[in-house]
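Student: In the working numbering, the protein residues as written are 502 to 636. Glycine included, C-beta positions come from ideal geometry on N, C-alpha and C. Owing to the predicted nature of the structure, the values given are computational and were not obtained by experimental measurement. Quick one: the structure is below, questions incoming.
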């Protein structure tokens, strides 16, 4: 269990909000710069080999439903489960050792970013994380 927690920590600790600011003094849109760095031993398979992970970033009005639902409901029925709170979403794959820099333009109603990580061994990982957006 500690092994998987360390792997998740390695990913989430490197999920850094490198900037959160408005685009111009007259804009109500918020820009969010996110840098993701995956550990070289990310998401080990049954033989201990590192494997890619699917990450979903969800722009949310409120995090309550996201924080209370199970993984499969969120992953397979995102639009239905989060209908009241979901503003936008983006899904991508992160491979072991990869780095991704994202520049997101958030909708006005987005107050939180939910991070959903599709690990191979869900019970032994922290597969959900919430980031409060501060414009």
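In whole angstroms, what separates the C-alpha of residue 585 from that of residue 635?
Tutor: 21 angstroms
Student: Which residue from 569, 573, 531, 555 puts its Cα closest to that of residue 601?
Tutor: 555
Student: Compare the C-alpha of residue 583 against each of 598, 596, 594, 564 and name the closest.
Tutor: Relative to the Cα of residue 583, the nearest Cα in the group 598, 596, 594, 564 belongs to 564.
Student: Here's a check: name, in chain order, each residue in its chain whose Cβ is nearer than 8 angstroms to the Cβ of residue 590, leaving out the five neighbours to either side.
Tutor: 557, 558, 559, 560, 579
Student: Quick one: complete beta strand (DSSP E) runs, 3+ long, within the region 554 to 625?
Tutor: 554 to 561, 587 to 595, 600 to 607, 613 to 619
Student: I need the straight-line Cα distance from residue 588 to residue 536, nearest angstrom please.
Tutor: 21 angstroms
Student: Run through DSSP, which three-state label would residue 538 get?
Tutor: Note: residue 538 maps to strand in three-state DSSP.
Student: Go ahead and label residue 610 buried or exposed: buried means 16 or more other beta carbons lie within 10 angstroms of its beta carbon, across all protein chains shown.
Tutor: exposed
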